[in-house]
Every structure is written in structure tokens, then in C-alpha cells.
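Here is the structure we will look at.
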């Protein structure tokens, strides 16, 4: 789907056709305008923007939809405003009423589903919406790019996937940057699968304490 990663191969397929075509189990049929389709590898498909609109209005788990939209925007450079234009064009379409809410939570900076869900967790916990892919420099020297955080309070949140522990090169880079960042006045909260899935309240508490220490009014 336009280079999007993290898709579920068992999900129903969707096809684009002109006029009325009867759907069959496992296949969803959509009718679009010409400007909403393009040709990829000799197949007619919906444009990234129309694809994003259909995902946003599709129903089902909100977090999963945002996860896919994050990945779509990350892969294609698609802007939320482009999807919004289709929502305006198809204001009366099924599910269109929920699109604005969904798009308000999309961020193309998320590089993986755990980053998406960590961001959503922090927003639901009442924290200000974090910025994604924060670049930190020491003068002209690049130090790190963090998954998400709050630049004004110098608080960063990093989701460490398995490669942070199994890849020696990544591990070496992590040791260096997690030494340098605190020396520069940044607080780094590292998140792993156990903390995110089993001890959510601990994660929320750590983030809250770090932000309050930095002067955030929560």
C-alpha cells in the first residue's frame, strides 16, 4: 500500500472499480473519482490521500487506524491536510464524521507501531501532544534523534525495540547518546515492551514527574 509497512496480511482486500460491482467475502469494493486513483505497477489503486481517507473512516480500532495512517504518511510524505480535502469532498460518506478526530491524532514522524501507541498513550494520559523525531545538536554536532518528547522541557521518550539490545552497533550508539543527552540537560525516558504493555502506570508516572520537574504545568 504505497510502501506502507506494518500492514496485516490477513485484512480484507479492497479494489477500485468504475460503476457498481458486487462485493464478495474478503474483498471490499470502492467506487472513486478519476482524480482519486493512480496506476502503480500497472494496477489502478487509490491515491495515498484517498487511501488515507478510507482508512480513517473504515471503523474498527482507532489505535490501529492511526497506526496505519502514521505509517502511510511516513512512507509517502502524505500530509494530513491532503486527507482532509477528501473528507470535505465526501462529507456524507459512511464513517466520514469520525475522520476529523482520527486525523487530529496522526503524526507521520512515528517510525513504528510502538512509537504510535506510546504517543497515543501519553496523549490519553493528559500530557501535551509530544513532538516526534526531535533532533538534538550540541552546537553544530548532531547528537541524537529521539522518537518523541517535548523540546521546551527537554524531556525525551524513546521506545527501545529488540534491535536496541541485539544489534551491537545500535547498542554502542545508545550507550554514547544516553550518556551525552543528560549531560546536555535532557531527561530521557526509555520504554520497552514490558513497561509499555504491563506497567503503563509506571511509564505515565515517570513522564509526569519528568515534565513537572522541568516546569510543565500539568
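Numbering (my numbering), first residue to last: 1166 to 1383. Ideal Cβ positions, reconstructed from N, Cα and C, are used throughout, including at glycine.
With DSSP collapsed to three states, give me the class of residue i.
i, result
"residue 1373", "helix"
"residue 1223", "coil"
"residue 1235", "helix"
"residue 1334", "helix"
"residue 1313", "strand"
"residue 1321", "strand"
"residue 1363", "helix"
"residue 1292", "coil"
"residue 1259", "coil"
"residue 1344", "helix"
"residue 1303", "strand"
With respect to the beta strand (DSSP E) encompassing residue i, which residues constitute its N-terminal and C-terminal limits?
i, result
"residue 1380", "Premise fails: residue 1380 is in no beta strand (DSSP E) and is neither H nor E."
"residue 1204", "1202-1205"
"residue 1210", "1208-1211"
Pick from the options: whose alpha carbon is nearest that of residue i?
i, options, result
"residue 1271", "1262, 1259, 1284", "1284"
"residue 1218", "1340, 1262, 1335", "1262"
"residue 1304", "1279, 1349, 1294, 1288", "1349"
"residue 1314", "1306, 1308, 1326, 1301", "1301"
"residue 1357", "1260, 1335, 1279", "1279"
"residue 1215", "1371, 1244, 1307, 1366", "1244"
"residue 1269", "1247, 1353, 1354", "1247"
"residue 1169", "1223, 1234, 1274, 1211", "1234"
"residue 1289", "1209, 1337, 1352, 1368", "1368"
Whose C-beta lies closer than 8 angstroms to the C-beta of residue i among residues of the same chain, with five residues either side of it excluded?
i, result
"residue 1383", "1291, 1292, 1373, 1376, 1377"
"residue 1310", "1298, 1299, 1300, 1301"
"residue 1220", "1230, 1233, 1234, 1237"
"residue 1296", "1274, 1313, 1314, 1315, 1316"
Go to residue i, then tell me how far its alpha helix (DSSP H) extends in each direction, as first and last residue.
i, result
"residue 1246", "1245-1254"
"residue 1356", "Taken as a continuous stretch (DSSP letters only), residue 1356 belongs to no alpha helix (DSSP H), being part of the beta strand (DSSP E) at 1352-1356."
To which residues of the same chain is residue i closer than 7 angstroms at the C-beta, ignoring the five residues directly before and after it?
i, result
"residue 1224", "1260"
"residue 1281", "1231, 1232, 1235, 1275"
"residue 1294", "1288"
"residue 1319", "1350, 1351, 1352, 1379"
Evaluate the contact criterion for the region 1370-1380 versus the region 1336-1344: three or more CB pairs, one atom per stretch, below 8 angstroms. The answer is no - the region 1336-1344 does not touch the region 1370-1380, with fewer than three Cβ pairs under 8 angstroms.
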